[in-house]
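Visitor: Mind the numbering: the sequence shown is residues 2 to 155 in this note's numbering, read in order.
Where is the CB? At the ideal position from N, CA and C, for every residue including glycine.
If you're wondering where the values come from, they're calculated on a predicted model, not measured in any experiment.
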Amino acid sequence: MSGFGFNAGQQESIAIDKNSGWPELSTGDFRSHRRIPEFFEEQAIADSLYRSVAEVQQQLTHFIISNDETDTDVPFSLDASLVPDFSEQQVSIYRAAVYARSHADLLGYFSAVDQKEAGNNKAQDEEQQNALLGQSNRSVRLLLGLGRAGVHSL
């Protein structure tokens with residue numbers, strides 16, 4: 002092997018939200034679902050997943066709490082600690098929301114690490130980031146039992 006090649010080796014997957022009651026995610030699962038190469042630092046991916054988990058969880062709980070007076074029918078229940086009782090299907094949708102948001106969050110990091118001038122580097126594409134955030138928002142809306150787009154009263 003030449004001295005110019007880089008081999009980061011296999012990094013150990015980091016569990017996300019292991020003891021919170023919310024669905025457990027991991028950096029390894031994220032890599033698999035989003036086809037993220039192994040040379041990106043595991044801790045940077047974990048940090049992004051933690052941020053994305055917090056954002057999605059805040060969106061879900063805020064919507065449910067703020068709409069509790071209007072008796073909104075959300076297709077899952079929250080226990081006293083505001084942890085949802087998700088079905089297996091809803092866990093899959095939650096995972097999609099978090100992973101898409103984290104993927105969008107990491108595009109700048111991917112761009113900084115992947116400096117290839119040749120080819121179509123989507124890591125620097127703002128439209129790609131917006132598309133990923135749109136995927137996340139659609140998944141959150143689906144979890145809340147809402148359509149793809151809606152208008153809230155002002």
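Suppose you measure from the CA of I17 to the CA of G146; what does that come to, to the nearest Å?
Guide: 25 Å
Visitor: State the DSSP-derived secondary structure class of S14, mapped to helix, strand or coil.
Guide: coil
Visitor: Using the C-alpha atoms, what's the distance from A81 back to L134?
Guide: 29 Å
Visitor: DSSP three-state call for L83: helix, strand or coil?
Guide: coil
Visitor: Determine the closest residue to L61 out of A101, W23, Q12, with distance taken between C-alpha atoms.
Guide: Minimum Cα distance to L61 is reached at W23.
Visitor: Near Q136, which residues of its chain fall below 6 Å by C-beta distance, leaving aside the five closest residues on each side in sequence?
Guide: A101
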